[in-house]
Structure formats: C-alpha cells, structure tokens
Amino acid sequence: MGTPDLRGTYGTFTYYTDDPPANAEEFTGGECVPIRLWDNTGAAELLGPPNTFRAGSPPARLRLTFHRDPSRDLAKISWEGGEVLLKRGEWSEWHQVRFPLAGPLASAAGIVRFYLKEVRPHFRLYLSPVNLDPVDPALPISTPGKYAGQIAAAAGRFYTQGFPEDTKALSHGVFGEEEYLDQADIVFAERMSCLEETLADFDDGLFYYYFSSIDQNTHMMWRTMDPNHPLYLPDAPPRVKGAVEHFYVAMEEALARVLTKVDDRTTFFIISDHGFAPFYREFNLNTWLLENGYIALQDPSRRAETEFLENIDWGRTVAYGLGLNSLYLNRRGREPHGIVEAAAASSLVDELAAKLEAFVDEETGARIMVRAYKSAEHYRGPAAEAAPEIILGFAPGYRLADDSAVAEFPEKICQTREDKWAGDHCIDPAHVRGVLFCNREVKVPDPALRDLAPTILKEFGVASPREMAGRPILG
C-alpha cells in the first residue's frame, strides 16, 4: 500500500496532447505535457527518478517519439529499447522503460502502460505512473527480494504502486468515467492474477491479501449512484451508475477463490477498516479558525497564496489545522514557536470543541459535526503528546476540504464539493462502520480493528504484548 512510483511519488501520470486542457496547470498527481506534431510526428520527454549522479539530482529523462498514422486511428510510440502500436481507445500491456543515469554505467528501469485516448483531430495519450518493475526493481519492493519477480514471472507484470486506480486522471478530466472504469478493471484483474499465484504457494501460516477496488472506486463513483450528489450524472450509462455494485460483485469472485483453500482448520476473516458516506460539502477548518480569531496571518493580503502554514503569525496563533480532520494547538514546548501553555490547553480544547460541534452550515442549515473528539480522552502511549488535540467527526455529507488539509485559507468556510472524489469515510466513525465476516463465532458484541491483532496472535498460540490494545474476539 505504501509503495511509491519510480519518481518517488504516490503515482504521477503523464498526459501528452497537442490540445492541453484549461486546467492543466492545476493537475495534482499528474502532469500535462504539451506536444506539437509536424507531419504527424512529434516528441517529448518522460520524467523518471531523481538522478543522484548529477548535481542537484535532477529527474532522469527518457525521450518518447510519437508517430500518428496519416489516415487511420493508429499511433506508434517509440523510445530507446521499445515501441508500441495502439489503436484509438486501446490500452497497452506493460512495457519496460529504462532511464539513463550515468551513461552506460547506470540506469533505472520502470514499467508503464499507455492509453491512446484520441488520435485526431487532437492527439491525446495517457501514460501511467512509472511503476517499479517487479522483475527488475530499482528499489526493494518485496521480502524476500526476488518474491515480486517470481509473482510477475507467473502472473505477468503488475501495478506495484500503492492505490493504483488513477483517481487523479478522472478528477482532472483526463479520463472519462468509462475510461477510468477500464483502468480500474485492469487493476482488479491484475490483483486477481496475483491472488491466484500467491494462494497456489500457500499451505500454512497467516495469509493476508488486500484489494483496493472497493475503496478507491467508491470514492470516485459514489456520485454516479446518488441522485442527491451535486455531481450526479442522471444520463450516465448503466455501467457508470452501477460501478460501485460492480466491484462488490467482483469481490465475490475473489471470495470464491479463497474459499477453495479454507478447510476446517482455517480461521477466515473478511474485514474493512471503514465504510462509506456521501461527500457533498467541504469544511475549511483553517478559514474557520482564521475568522474566529484562533489564527493570525503575517500578511493578510497574501491569504490566498498561503500553503502549509507559511504565512502564519505564530506569535498570535493558538490553533491550526493540518492533515485530514486534525486540529492542533500551538503548544509551547511542542511547536517551534508555541505560545499555548499547558495550563491553558484543556480549556482551549473544550472551547474549540464546543464551537465546532455547534457550527451550522449557513447554506444548508445543517450542523456539520457529529462530535469533535478530544484526543486526550482517546489516545494513550508514548506518542500521545504528538497527536492533534481534536479529531473532527463530521456528519454524513461533510468532510474536511482538500485545501484545508494542506493549511490553505479558501474564502468560504463551507463550499460544495466539486471534485469527483465524492464519497468518503473521514467522518464520524459511527456513520462509516467497517465490516467483519468470520467463519468462527465472534464472541464479543462490538469487535473493533484493534481486536484483530490479539485475535490473530491467540489463533497461533502467541500471547499479546502487554502494551497492545484490544482483546481476542473468538473466545
């Protein structure tokens, strides 16, 4: 889940086109590369990993050449060591690309998939993030080190980056809904192939397998099944409207395959760490803190330019938001320029929590918060002092705004969600409970995630460490 792409990001696609979209400068998780085709031929660069052999570690680069057929909807993409011929609307298989780092002495290999979105009148080519090649990984991605290559040898190359569904390509309009679902189906098919291979080698022990399909696709496609969502598509084709159900049904295929390996000695769980709820409206925590006097800016005229707290006047700021649903006090002794004394922290937390729980969205008239959770009442252990003082428990339909998570200050405190990431679970946990299925009797009435580790340890006859929270749930 935490594996980066070859560039060290969590997935950066590249979009080559002679007709860049108006929002190209706003892309996150991807970049648009303008190209020009002369006599149906053009070229551009693909960025690779930082080249530490050169001063300043600039990104390694690989030249791509594009050849458009003069009369047919075909294009050929070439690079040193490879080429691929695609029809309009066609996905390629995985292809290896190798970035030179120090001439013939050193290089870094990755793998990519191409999708030829359009040939004419405009040329539009999507290139997946450059994934680490499981056959020839530039960084360790498995233990033992050769294990990923063994899976790839049997099942074929596969996405190695964490969360491979390209949600950003859909959010930015590089993919349409059905194009996104095509890519998501590729991801699921690869995961099923890898499941087959790993199950085939498994006899005894602990087997854990993760699918991202339900999570990522519900984030993106909730709006297609929810008529109340501001981005609902009333005229969408059945495949788009039924996308979430499609992936739940697809998971039954995985379940059926796993059950063939389950015998009477096997304890079997299906778990999720959360459920889902709609995401209609965004809350800008830092805007709220600013307008209520808890944050001060060094230069209020630069409010719109502020990101990651760079314009904060710490000498007059007592609280700030950073990351999803997290509110921190500017505590003396913890923050570099903290001003909130320990004696004042508790009453300030009480004040902030009460105000947040009472806050009403002026446009809808709804209270946006179920509860503002005080971390002192929930966290323990040696790292508890580093926790945010308040975790926001939003009501269904609300979530923290993306801009607020990186400490920006949008104009409005609440606004309509306009990104296609339209379902979410970063809200009050009572409204997004996960699921637990087990082939053994669960003997506690309210099992929780923290109970799984001690349950698994007990199944193997291992005592739980004293500091481990949770309890065995199977008796």
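Numbering of the sequence shown is given in this note's numbering, commencing with residue 6 and proceeding in unit increments. Note that the Cβ used here is the ideal one computed from N, Cα and C, for glycine as well.
Quick check on DSSP: helix, strand or coil for Tyr-185? Here residue 185 refers to the residue found at position 180 when the sequence shown is read from its first residue. Tyr-185 falls in the helix class under three-state DSSP.
Between Thr-322 and the ligand SAM, is there a pair consisting of the residue's CB and a ligand heavy atom that are separated by less than 6 Å? Inclusion of the ligand SAM in the displayed structure is not the case, the ligand content being empty and no account of it being possible.
Opposing strand residues paired with Arg-336 [DSSP bridges]: Position 331 of the sequence shown, counted from the start, is the residue given in the question as residue 336. Bridge partners of Arg-336: Val-345.
Reduced DSSP category for Ile-395 - H, G, I as helix; E, B as strand; rest coil: Taking the sequence shown and counting its residues from 1, the one referred to as residue 395 is at position 390. The answer is strand: DSSP assigns Ile-395 an E or B state.
Quick check: the Cα distance between Ser-112 and Tyr-164, rounded to an integer number of angstroms? Position 107 of the sequence shown, counting from 1, holds the residue named residue 112. Position 159 of the sequence shown, counting from 1, holds the residue named residue 164. Approximately 21 Å, taken between the alpha carbons.
Backbone CA spacing between Lys-463 and Arg-471 [nearest angstrom]: Along the sequence shown, one-based indexing puts residue 463 at 458. Along the sequence shown, one-based indexing puts residue 471 at 466. In this structure, the alpha-carbon of Lys-463 lies about 14 Å from that of Arg-471.
Hey, how far is the Cα of Thr-311 from the Cα of Glu-296? Start at 1 with the first residue of the sequence shown, and residue 311 comes out as number 306. Start at 1 with the first residue of the sequence shown, and residue 296 comes out as number 291. Roughly 15 Å separates the two Cα atoms.
Rounded C-beta distance between Ser-409 and Ala-392? I'm assuming under 8 Å. Residue mapping note: residue 409 aligns to position 404 of the sequence shown, counting from 1. Residue mapping note: residue 392 aligns to position 387 of the sequence shown, counting from 1. Contact flag wrong, Cβ pair sits at about 18 Å.
If Phe-313 sits next to Ile-418, beta carbons under 8 Å apart, how far is it from one beta carbon to the other, in whole angstroms? The sequence position of residue 313 within the sequence shown is 308, counting from 1. The sequence position of residue 418 within the sequence shown is 413, counting from 1. In fact, because the Cβ distance is near 20 Å, the residues do not count as touching under 8 Å.
Counting only the same chain and skipping the five closest in sequence on each side, list residues whose C-beta sits under 6 Å from that of Ala-107. The residue labelled residue 107 in the question sits at position 102 within the sequence shown. So the list reads Phe-58, once near-sequence residues are dropped.
Sequence-distant residues of its chain with Cβ nearer than 7 Å to Arg-455 (five each side left out): The residue you call residue 455 lines up with position 450 of the sequence shown. Same-chain partners within the cutoff: Ala-474, Gly-475.
Determine, using beta-carbon pairs with one atom in the stretch 144-152 and one in the stretch 182-199, whether at least three such pairs fall under 8 Å. Two segments are said to touch when three or more pairs of C-beta atoms, one from each, lie closer than 8 Å; by this definition the stretch 144-152 does not touch the stretch 182-199.
Go through its chain and collect everything with a Cβ distance to Tyr-384's Cβ below 8 Å, but skip five positions before and after it. Locating residue 384 in the sequence shown gives position 379, counting from the first residue. The answer, listed in chain order, is Ala-392.
Report the rounded CA-to-CA distance for Phe-273 versus Tyr-215, giving the unit in angstroms. Within the sequence shown, residue 273 is the residue found at index 268, counting from 1. Within the sequence shown, residue 215 is the residue found at index 210, counting from 1. In a straight line, the C-alpha of Phe-273 is about 14 Å away from that of Tyr-215.
How many whole angstroms separate the CB atoms of Arg-93 and Val-117, which I take to be in contact at a CB cut-off of 8 Å? Walking along the sequence shown from the start, residue 93 turns up at place 88. Walking along the sequence shown from the start, residue 117 turns up at place 112. 19 Å between Cβ atoms; not a contact.
What number of angstroms, rounded off, separates the C-alpha of Ala-4 from the C-alpha of Val-375? Because the chain in this structure spans residues 6 to 480, residue 4 falls outside the shown range and cannot be described.
Would the beta-carbon of Ser-217 fall within 7 Å of that of Phe-168? In the sequence shown, the residue the question calls residue 217 occupies position 212. In the sequence shown, the residue the question calls residue 168 occupies position 163. Their beta carbons are under 7 Å apart, which means Ser-217 touches Phe-168 by this criterion.
Specify the secondary structure class of Val-89 as computed by DSSP and reduced to three states. Against the sequence shown, residue 89 aligns to sequence position 84. Residue state for Val-89 is assigned as strand, using DSSP reduced to three classes.
Taking the CB atoms as reference points, tell me whether Ala-153 and Pro-139 lie closer together than 7 Å. Numbered from 1 along the sequence shown, position 148 holds the residue referred to as residue 153. Numbered from 1 along the sequence shown, position 134 holds the residue referred to as residue 139. A contact, by the Cβ cut-off of 7 Å.
Starting from the Cα of Arg-129, find the closest Cα among Leu-264, Pro-26, Gly-161 and give me that residue. Sequence index remark: in the sequence shown, residue 129 carries index 124 (1-based). It is Pro-26.
Hey, quick one: how far does the beta strand (DSSP E) through Lys-122 stretch, first residue to last? Reading the sequence shown from its first residue, position 117 is the one you call residue 122. For Lys-122, the uninterrupted beta strand (DSSP E) run begins and ends at 119-123, by DSSP.
Leu-11 by DSSP, collapsed to three states: which one? Counted from its first residue, the sequence shown places residue 11 at position 6. Assigned with DSSP and collapsed to three states, Leu-11 falls in coil, not helix or strand.
Taking Ala-80 as part of the alpha helix (DSSP H), name the residues at either end of that continuous run. The residue given as residue 80 occupies position 75 in the sequence shown. Ala-80 -> not in any alpha helix (DSSP H); beta strand (DSSP E) instead, spanning 79-84.
Between the C-alpha atoms of Tyr-21 and Leu-132, what's the straight-line distance to the nearest angstrom? In the sequence shown, the residue the question calls residue 21 occupies position 16. In the sequence shown, the residue the question calls residue 132 occupies position 127. The alpha-carbon atoms of Tyr-21 and Leu-132 are separated by roughly 8 Å.
What did DSSP end up calling Ala-427 once you bin it into helix, strand or coil? As a first step, residue 427 must be located in the sequence shown, where it is residue number 422. The DSSP-derived three-state label of Ala-427 is coil.
CA nearest to the CA of His-177, picked from Gly-298, Thr-33, Phe-442: Residue mapping note: residue 177 aligns to position 172 of the sequence shown, counting from 1. Checked all of Gly-298, Thr-33, Phe-442; the closest Cα to His-177 is Thr-33.
Under the assumption that Leu-302 contacts Asp-318 (Cβ atoms under 8 Å), give the Cβ distance between them as a whole number of angstroms. As a first step, residue 302 must be located in the sequence shown, where it is residue number 297. As a first step, residue 318 must be located in the sequence shown, where it is residue number 313. Their Cβ separation, rounded to whole angstroms, is 6 Å, which keeps Leu-302 and Asp-318 in contact under 8 Å.
Using DSSP with H/G/I as helix, E/B as strand and the rest coil, what is Asn-289? Counting from one through the sequence shown, the residue named residue 289 turns up at place 284. Reduced to three states, the DSSP call for Asn-289 is coil.
In chain order, which alpha helix (DSSP H) runs of at least 4 residues are fully inside the stretch 203-251? Complete alpha helix (DSSP H) runs here, min 4: 218-226, 243-246.
With burial defined as no fewer than 16 other Cβ atoms inside 10 Å of the residue's Cβ, what is the status of Glu-257: buried or exposed? As a position in the sequence shown, residue 257 is number 252, starting the count at 1. Note on Glu-257: under 16 other CB atoms within 10 angstroms of its CB, so exposed under the neighbour-count rule.
Where does Lys-173 sit, in a helix, a strand or coil, going by DSSP? Mapped onto the sequence shown, residue 173 falls at position 168. The answer is helix: DSSP assigns Lys-173 an H, G or I state.
Using 7 Å as the threshold, is the C-beta distance between Val-249 and Met-226 below it? In the sequence shown, counting from the first residue as 1, residue 249 sits at position 244. In the sequence shown, counting from the first residue as 1, residue 226 sits at position 221. Yes, the pair counts as a contact, with Cβ atoms nearer than the cut-off.
In whole angstroms, what is the alpha-carbon distance linking Leu-137 and Phe-104? As a working note, residue 137 is residue 132 in the sequence shown. As a working note, residue 104 is residue 99 in the sequence shown. Distance from the CA of Leu-137 to the CA of Phe-104, rounded to the nearest whole angstrom, comes to 12 Å.
Strand pairing of Val-38, partner residues [DSSP]: The sequence position of residue 38 within the sequence shown is 33, counting from 1. Beta-bridge annotation (DSSP): Val-38 is paired with Tyr-21.
Report the CB separation of Leu-69 from Ile-461 in whole angstroms; it is logged as a contact under 8 Å. Counting from one through the sequence shown, the residue named residue 69 turns up at place 64. Counting from one through the sequence shown, the residue named residue 461 turns up at place 456. No, Leu-69 and Ile-461 are not in contact; Cβ-Cβ is about 47 Å, not under 8 Å.
Rounded to the nearest angstrom, what separates Val-102 and Tyr-403 at their Cα positions? As a working note, residue 102 is residue 97 in the sequence shown. As a working note, residue 403 is residue 398 in the sequence shown. So the alpha carbons of these two residues sit roughly 42 Å apart.
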